[in-house]
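This report concerns only the one structure given below.
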Amino acid sequence: MNKRYIYQHNNYLLLKSMLRFALQKMYCPVLLVLVTYSFSTQGFAFTNKISSSYHHQQEIKQQRTPTHPTTTVLFSGQKNDNDIFQTEKDDIATTREVKPQPVGIINRRQLFLQSAAAAAAATATAAWAKDEQYELVLPQSTLLADLATAPKRNIIITGANSGVGLAGAKLLTAAGHSVTLACRTQAKADKAAQLCNEYASTTTAVGAECNLASLASIRAFAASQKGKTIDTLVLNAGLAHGQNDNTVYRTEDGFEETIGVNHLGHFLLASLLAPSLSQKGAGGRLVITASPVHDPKSGGGDVGEPATVGVMNGFLQGKNFEMVDGASYNADKAYKDSKLCNILFMQEAARRYQNQFTVNAFSPGLIADPNGFFRYQNPKFATVFNKITKVTGVAETNEFGGAALSYLAVSPALEGQTGGWYDSVPPGKHQLARHLPSIEAQNIDEQRMLWKLSEQLVG
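Heads up, the sequence shown is in my numbering, so the first residue is 743 and it goes up one at a time.
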C-alpha cells in the first residue's frame, strides 16, 4: 500500500473525528476554527504529521476507502403551471468538481468533502436512532403537500421581511392566503409585501409596521387590526446579538433587547390579538418560531451557559433586568433564555386558550446566514460556520423554514392540535419531528410564573 495514502487516510480519520465533535458542539467558534485550520495548507500538513506519527507503529491490515453517498432534499421555492413547489436531489459529495487523482492518493479537496460527508452522515445516523422518541415525523414533502388546497386564511407574520418569515409569507401568498407582513418599519414591510405579491402574481400580501422593541408600536399595530378577521398569528421575529458582545442593548421601554423582542414584545402582541383569534373558535392558530437551544441537552444548547430562567429574579427586579434569572448579561445565554421563554409561553398559552385556539411552536433549523439571522455574530465566524454547516449537510434553508412555518399556519392536519413542539431533527434532513421540549420547559410553575411576570412588565 502507498505510504502516502496511509498517512492521508489517517489524516482523513482524524479530520472526520474533529468534524463529528465540532458538529456536536456546533456553536463553538474555537472548534470550528480548528476544523477550518485543518483544511488549510498549513493545517493539512500539521494534521498529516500528527496522524502519521500516531499510527506509525500500527499495522495496516486492509485498505479502507471511505465512501460517502449522501442525498439532501432541497426546496426550490419556484412556481410553475402545475405546482408551485418542486424538489430536487443533490449529492453534497459532488457539489464541487474534483480532478481525478492517481490511485491511492487523496487530495485536500477530496479529503475535505469526504470528511464533511462522513461527519454529516454520522450526525444524521445518531439522530435517526432516536426516532422512536418522536411522536410524529413530518418530511418536507408532507409540509408542502396540502398548502395550496388548505382553506384560505388571514395570516399575520412578524419578522416577515427576511429569512424564514419572508420565505413563509411568499409560500402562503402564492397558495392564496391573505398575509400581513408585520415588520419593524413600514418601508421594510412594504418591500417584503411587494416581493410576495410579485412571487405569487397577486395582491393579497400587505405590509404593516410593528416594531417589537416598542410597546407603543405593538399596541398601535394591534389597534389597526381591530375588527379584522385573524385566522393565524405567527410570532416569528427574533434577534441574537454577538456571543462576545457585552453591550446590553435595550428596547424603547428599557428591556434587555433579546428578551424584549423575542419574548416580551411577542407576548404583548399575542395578548392583544387573542380576542380576534378566539373568534375562529378552535380554528384559530398561534404559531411561535422557537429553537432547540432552549434545551441544554441539544446540539447548540449544551455549549456555553445553558438556558435557564431559574426563579426569574431579573423579571422580579423590574424592567431594568439584564437576564431573566437576574445574572449579569451574557448575549449567548440571553438568546437561549428567550427561546426557553418562547416554549414556556407556548405551553401556558395552549392551556389558557384551550378550546379557543391552538398554540404550537417549531424550529426552522440551523440557518447560519451571515447576512441574515447571524448578522450580529463575528463576520469571520459566521462565514466559516455557515460554509461548514452547508458542506456537512446539517444546515437548513430559509425555504425549508418557510415550508415549516406555512404548515403550522394552515395545514388541516393540525386542526385541534395544540401545545406541540415541532423540532427540525435530524439536523439538515428537511423534516419536523414532534417531541417533548426540555425538562425545564415542561415546568408548569415556571410557565405560570413567566406569564404573570410578563404581564406585569408589559403593563
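Each residue gets a CB set at the ideal place from its N, CA and C atoms; glycine is no exception. No experiment lies behind these values; they were computed from the predicted model shown.
Q: Have a look at Asn1084 and Ser1196 and give me their C-alpha separation to the nearest angstrom.
A: The alpha-carbon atoms of Asn1084 and Ser1196 are separated by roughly 12 Å.
Q) Hey, how far is the Cα of Gln1173 from the Cα of Thr891? A) Just so you know, the alpha carbons of Gln1173 and Thr891 end up roughly 21 Å apart.
Q) Given a threshold of 16 other Cβ atoms within 10 Å of its Cβ, counted over all protein chains shown, does Ala929 qualify as buried or as exposed? A) By the neighbour-count rule (16 or more Cβ atoms within 10 Å), Ala929 is not buried but exposed.
Q) For the alpha helix (DSSP H) that Ile972 lies in, which residues bound it at each end? A) No alpha helix (DSSP H) holds Ile972; DSSP gives it neither H nor E.
Q: Decide if Lys912 is buried, meaning its Cβ has at least 16 other Cβ atoms within 10 Å, or exposed.
A: Within a 10 Å sphere around the beta-carbon of Lys912 sit 16 or more other beta-carbons, which makes this residue buried.
Q | Burial state of Val921, where buried means 16 or more other Cβ atoms lie within 10 Å | A | Burial call: buried.
Q. What separation, rounded to the nearest whole angstrom, lies between the Cα atoms of Tyr754 and Gly949?
A. The predicted position of Tyr754 is uncertain, since its pLDDT is 41 and thus under 50; no value can be drawn from it.
(Q) As a quick exercise: from Pro1017, Val1051 and Lys1039, pick the residue whose alpha carbon is nearest that of Trp1193. (A) Out of Pro1017, Val1051 and Lys1039, Val1051 has the C-alpha closest to the C-alpha of Trp1193.
**Q.** Rounded separation between Pro1034 and Ala1137 - CA only
**A.** Straight-line Cα distance between these residues: approximately 14 Å.
Q) CA-CA distance, Asn988 and Leu908? A) Rounded to the nearest angstrom, the gap between the Cα atoms of Asn988 and Leu908 is 30 Å.
Q: Determine the DSSP secondary structure at Thr1160, reduced to helix, strand or coil.
A: Three-state DSSP puts Thr1160 in coil, outside helix and strand.
(Q) Taking 8 Å as the threshold (C-beta atoms), are Pro1106 and Val906 in contact? (A) In terms of Cβ geometry, Val906 and Pro1106 form a close pair [threshold 8 Å].
Q.
Which complete beta strand (DSSP E) runs does the region 999-1072 hold, if anything under 3 residues is left out?
A. Given a length threshold of 3 residues, each whole run of the beta strand (DSSP E) inside the region 999-1072 is given here in chain order: 1026-1031.
Q: Let me know the secondary structure DSSP gives Pro1154 once reduced to three states.
A: Correct three-state label for Pro1154: helix.
Q) Around the Cβ of Gln799, are there at least 16 other Cβ atoms within 10 angstroms (buried) or fewer (exposed)? A) The predicted position of Gln799 is uncertain, since its pLDDT is 39 and thus under 50; no value can be drawn from it.
Q. Taking the C-alpha atoms as reference points, what is the distance between Gly996 and Arg1027?
A. Roughly 30 Å between the two C-alpha positions.
Q: Put Ile960 into one of helix, strand or coil per three-state DSSP.
A: Looking at Ile960 - three-state DSSP - the assignment turns out to be helix.
Q.
In the DSSP output, what is Ala950 paired with across the bridge?
A. Ala950 is bridged to Ala924.
**Q.** Three-way DSSP call (helix, strand, coil) for Arg1190 in this model
**A.** Note: Arg1190 maps to helix in three-state DSSP.
Q) Does DSSP classify Asp1085 as helix, strand or coil? A) Reading off the sequence shown, one finds Ile at residue 1085, where the question assumed Asp. The DSSP-derived three-state label of Ile1085 is helix.
Q | Span separating the alpha-carbon of Glu994 from that of Ser956 | A | Inter-residue distance for Glu994 and Ser956 is about 5 Å (C-alpha atoms, whole angstroms).
Q) Which whole-angstrom value describes the C-beta separation of Ala1076 and Ile1001, a residue pair presumed to lie in contact below a C-beta threshold of 8 Å? A) Contact between Ala1076 and Ile1001 holds, since their C-beta atoms are separated by about 6 Å, short of 8 Å.
Q: Take Ser1080 and list the residues in its own chain whose beta-carbon comes closer than 6 Å to its own, dropping the five residues that flank it on each side.
A: So the list reads Thr1000, Ile1001, Asn1004 and His1005, once near-sequence residues are dropped.
(Q) So for Asp833, helix, strand or coil by DSSP? (A) Caution is warranted here: a pLDDT of 30 is assigned to Asp833, below 50, making its placement in the model unreliable, and the coordinate value is therefore given only provisionally. In the structure shown, Asp833 adopts coil according to DSSP, grouped into three states.
(Q) Let me check understanding here. Comparing Cα to Cα, which of Tyr941, His1177 and Ala964 lies closest to Ser1040? (A) With distances taken between Cα atoms, Ser1040 lies closest to His1177.
Q: Name, in chain order, the residues that DSSP records as bridge partners for Ala1175.
A: Its beta-bridge partners are Val879 and Asp1165.
Q.
Whole angstroms are fine: how far does the CA of Gln936 sit from the CA of Ile1181?
A. Here the C-alpha atom of Ile1181 lies approximately 42 Å from the C-alpha atom of Gln936.
Q.
Assuming contact is defined by CB atoms lying nearer than 8 Å, are Val1152 and Thr974 in contact in what I supplied?
A. Contact flag set, yes.
Q) Distance, Cα to Cα, Thr927 vs Ala979? A) Here the alpha carbon of Thr927 sits roughly 13 Å from the alpha carbon of Ala979.
Q | Extent of the continuous alpha helix (DSSP H) run through Ala911 | A | For Ala911, the enclosing alpha helix (DSSP H) covers residues Gly905 to Ala916.
Q | DSSP-derived helix/strand/coil call for Ala1092 | A | Three-state result, Ala1092: helix.
Q) Which residues does DSSP pair with Arg992 in a beta bridge? A) In DSSP, Arg992 forms a bridge with Glu998.
(Q) Restricting to Cα atoms, I'd like to know which of Arg895, Asp1165, Pro1048 and Ile1186 is closest to Lys1078. (A) The residue among Arg895, Asp1165, Pro1048 and Ile1186 with its C-alpha nearest the C-alpha of Lys1078 is Pro1048.
Q.
Taking 7 Å as the limit between beta carbons, can you name the residues of its chain near Phe695, skipping five residues before and five after?
A. Outside the shown range of the chain, which is 743 to 1201, sits residue 695, and nothing can be said about it.
Q: Go ahead and label Gly1201 buried or exposed: buried means 16 or more other beta carbons lie within 10 angstroms of its beta carbon, across all protein chains shown.
A: Per the 10 Å Cβ criterion, exposed.
Q: State the Cα-Cα distance for the pair Leu981 and Leu954, rounded to the nearest angstrom.
A: Going from the Cα of Leu981 to the Cα of Leu954 covers about 11 Å.
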